[in-house]
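Mapping of the sequence shown onto full-length UniProt numbering: position 65 corresponds to residue 65, and the numbering continues sequentially without gaps.
Every residue, glycine too, gets a C-beta built ideally from N, C-alpha and C.
Since we're looking at a predicted model, the values are computed, not measured.
This report concerns only the one structure given below.
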Amino acid sequence: MGRVWAPDLRVQLSRGPVRADGRSGLPAAGRGRAGGGPPEGPGRYDGPAGPEPHRGALPRRPGRAGRPRRPPDRPGRRRGVRPDVTYGTDELAVRLLARAILAATGQAPAIRVVYAYPENRDAIPRYEGQSLDRTVTSHIATTGCRRVEAGEAVTLFVHNFPGAQEEAPAQEPYDADLLAPFLRAVASAAARGQRFGIADVRYSNGADRTLVQRLLEVPGAYGALAFGGWNTSSNTIGMVLAQLLLPSGPGAQSFTILRFLDDWAYQAGVRQRLASEIVPRYPGAAPHRLGPAQGPCVEAARAWLEREYVPPLERCFGRRITITKVGFPWERLFEVDLEVTVA
């Protein structure tokens, strides 16, 4: 893991999950899914590994009154500066980028958080070891912003889970009317002209199909400036926050559309169909090692995306969407490399 040195910043680092074989589960930057390995392949795990001891750390021998001994001050050591170990390494760079840009322009927006299920905000998501709400607060702090209950400049809508978080590939349809209060709050923010984004963390490793269907029924998806539903809850929240806080240039909506195609269309739909309909046709192929099925999977994925998922996105955003690339960089279904042009 590389080092991040920022003396005025509580650096947030995470080792990330580790697979059952003991190898690091971190995927390629920006492309991976939780665990670095496909849930349908071997080596699936159900939670993160414990933290590694810090190199050179002193043993925790009892001091006075049984308290651990404090390491002696080293030359040049600054008191009051310490790292904060948490989750969300995959998108840490974009959070720090947002922080740097806000600091350069003298901004520190106040952010209000609205949950779909506020009573369950302290639940612990999959692949993580702390409450969802604690992660939200720490991610806001990382970007240099303030969390508030009123007087906000930006609203982060968090579509969380009502019980235990499940995997997106295993999701089942549910009554969409249960989303009505959450979507009314989204519509209210849109009517007031607020900046807002939607972090879809109901499931891990993919978006909630029921929520996205409702979002795409409204022009511009209610005017959301950012959307995400990928990998872990921390990754989704961090990415949505960063996009929401960064200046909205010409490529902002294109990136939002790409997130819908990756997190909703592929991860919550196409990937499962490839695993069940295409891969079994080729002896020796498996979802975690495509082999002879890689080419056919690329062709099928492109066809399904263009036929079934691009049209509703074009209607929603009023843009022409062309998929220019579909690939599997790790030769497995767990990650997809998508490129689009939006006109």
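Taking C-alpha atoms, which residue in the options lies nearest to residue i?
i: Thr324; options: His139, Trp330, Leu305, Pro312; result: Leu305
i: Glu299; options: Val270, Pro311, Ala285; result: Val270
i: residue 379; options: Leu96, Pro181, Val94; result: Outside the modelled stretch of the chain, which goes from 1 to 343, sits residue 379, for which no answer is possible.
i: Asp177; options: Phe157, Phe196, Leu215; result: Leu215
i: Ala343; options: Asp337, Val326, Arg320, Leu333; result: Arg320
i: Pro312; options: Leu290, Ile257, Val201, Leu245; result: Ile257
i: Thr143; options: Phe328, Asp90, Gln107, Ala190; result: Gln107
i: residue 346; options: Ala123, Leu132, Pro118; result: Here the chain comprises residues numbered 1 to 343, so residue 346 is not present and cannot be evaluated.
i: Gly220; options: Thr341, Phe317, Ser204, Arg99; result: Phe317
i: Pro173; options: Asp90, Phe196, Arg202; result: Arg202
i: His139; options: Pro118, Glu331, Phe328, Thr89; result: Thr89
i: Gly197; options: Gly229, Ala224, Arg315, Val218; result: Ala224
i: Ala265; options: Tyr309, Ala190, Leu96, Arg147; result: Tyr309
Under the three-state reduction of DSSP, which class applies to residue i: helix, strand or coil?
i: Ala226; result: strand
i: Ser234; result: helix
i: Arg147; result: strand
i: Ile111; result: strand
i: Val336; result: coil
i: Thr341; result: strand
i: Glu128; result: coil
i: Glu166; result: strand
i: Tyr174; result: coil
Residue i to residue j, Cα distance in whole Å?
i: Leu92; j: Ala207; result: 21 Å
i: Asn120; j: Gln165; result: 11 Å
i: Ala275; j: Thr210; result: 22 Å
i: Ala187; j: Pro287; result: 39 Å
i: Asp263; j: Thr105; result: 32 Å
i: Arg112; j: Leu156; result: 6 Å
i: Val212; j: Ala100; result: 32 Å
i: Arg134; j: Gly251; result: 31 Å
i: Gly129; j: Val279; result: 34 Å
i: Leu338; j: Glu314; result: 17 Å
i: Gly291; j: Ala189; result: 48 Å
i: Thr322; j: Glu217; result: 21 Å
The beta strand (DSSP E) with residue i in it runs from where to where?
i: Leu156; result: 154–159
i: Gly197; result: 195–200
i: Thr137; result: Where Thr137 is concerned, there is no enclosing beta strand (DSSP E), although the alpha helix (DSSP H) it sits in stretches over 132–142.
i: residue 344; result: Absent from the model: residue 344. The displayed extent of the chain is 1 to 343, so no value can be given.
What are the start and end residues of the alpha helix (DSSP H) that includes residue i?
i: Gln213; result: 209–215
Start-end ranges of the alpha helix (DSSP H) lying completely within the region 265–300, minimum 4 residues
Complete alpha helix (DSSP H) runs here, min 4: none at all.
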